[in-house]
Structure formats: C-alpha cells, structure tokens
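Residue numbers (the numbering used here): 1 to 136.
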C-alpha cells in the first residue's frame, strides 16, 4: 500500500530522526526532498559538501520508493552513483527531485537531480539501486 507525505514524515520523525531532510512531495513514482544548508553542510571554499548532496539523493530515492511500496524500512541501497555537475551555492537549502526508472518486486532503480536553492540549473545527478526485502 503506497505511503503519503504525512505517513512518511511521521516514519522519518520516529525511525530516522537524525536526517535533516524534509519531504516536500511524494507520489507518481517520484519525490521532492530538501535539505537545509548551514555551516555544518559546507566544506572549505564555501560550497555544499558532497556527503550532504549524497544524503539528499539517497533520502529522495528512499522516499519515492516508500511512496510506491509503503513503509518497508529494510528497503536498502545496493548501488549508488553521483556526478557533481557544478559548484552549488551556499543557499538556504538544496533540493532533490527523484523519479523511479524501474520498480520491480525486489529491485528498484531511480535517479535524482539536485538543485541549489531555487536555481533551475542542476548541481548534481545521482542514480541508485535499492533492494526490497521479500514480503511474506
């Protein structure tokens, strides 16, 4: 049974409270997630760190998947690749727009485009494969 934004937000608050990501929307095999950018997310030179962008991409895909299959916590990343396209500005947030390319019974493949604030030019692109545990 698919999960909606409210259900996923409650799940994250309870079971994944360490994430700073916020779910903006979920549905139609996609999700939009943001991550605030503060001093902790910057690397020397004043740019958003790679691990922060990777976190956003991973969460955005996880949210899109759970939006389709329901809250299955042990859906895990099995493969992840990110291409950094240009230097993100130290905006107030970064935004990840994910979409699922393949939704199978045991594997899901998706992609995420990452933006800096409201700038329409992508700063990174990620792809990932996730494993869905068998449902008894």
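Built from N, CA and C at the ideal position, the CB exists for glycine as well.
So is residue i buried or exposed if we call it buried at 16+ other beta carbons inside 10 Å?
i: residue 43; result: exposed
i: residue 88; result: buried
i: residue 15; result: exposed
i: residue 30; result: buried
i: residue 39; result: exposed
i: residue 1; result: exposed
i: residue 100; result: buried
So which of the options has the shortest CA-CA distance to residue i?
i: residue 24; options: 39, 67, 45, 41; result: 67
i: residue 132; options: 91, 17, 102, 13; result: 102
i: residue 8; options: 34, 37, 71, 41; result: 71
i: residue 49; options: 10, 123, 104; result: 123
i: residue 129; options: 65, 114, 33; result: 65
i: residue 104; options: 33, 22, 134; result: 134
Would you kindly check if the distance between the Cβ of residue j and the Cβ of residue i is under 7 Å?
i: residue 98; j: residue 109; result: no
i: residue 96; j: residue 57; result: yes
Just confirm the distance between the C-beta atoms of residue i and residue j, as a whole number of angstroms; I'd bet it's less than 8 Å.
i: residue 93; j: residue 117; result: 6 Å
i: residue 37; j: residue 63; result: Not quite, the Cβ-Cβ distance comes to about 19 Å (not below 8 Å), so this is no contact.
With DSSP as the reference, identify every bridge partner of residue i, one or two as the case may be.
i: residue 26; result: 31
i: residue 127; result: 81, 111
i: residue 8; result: Residue 8 pairs with nothing; no bridge assigned.
i: residue 116; result: 94
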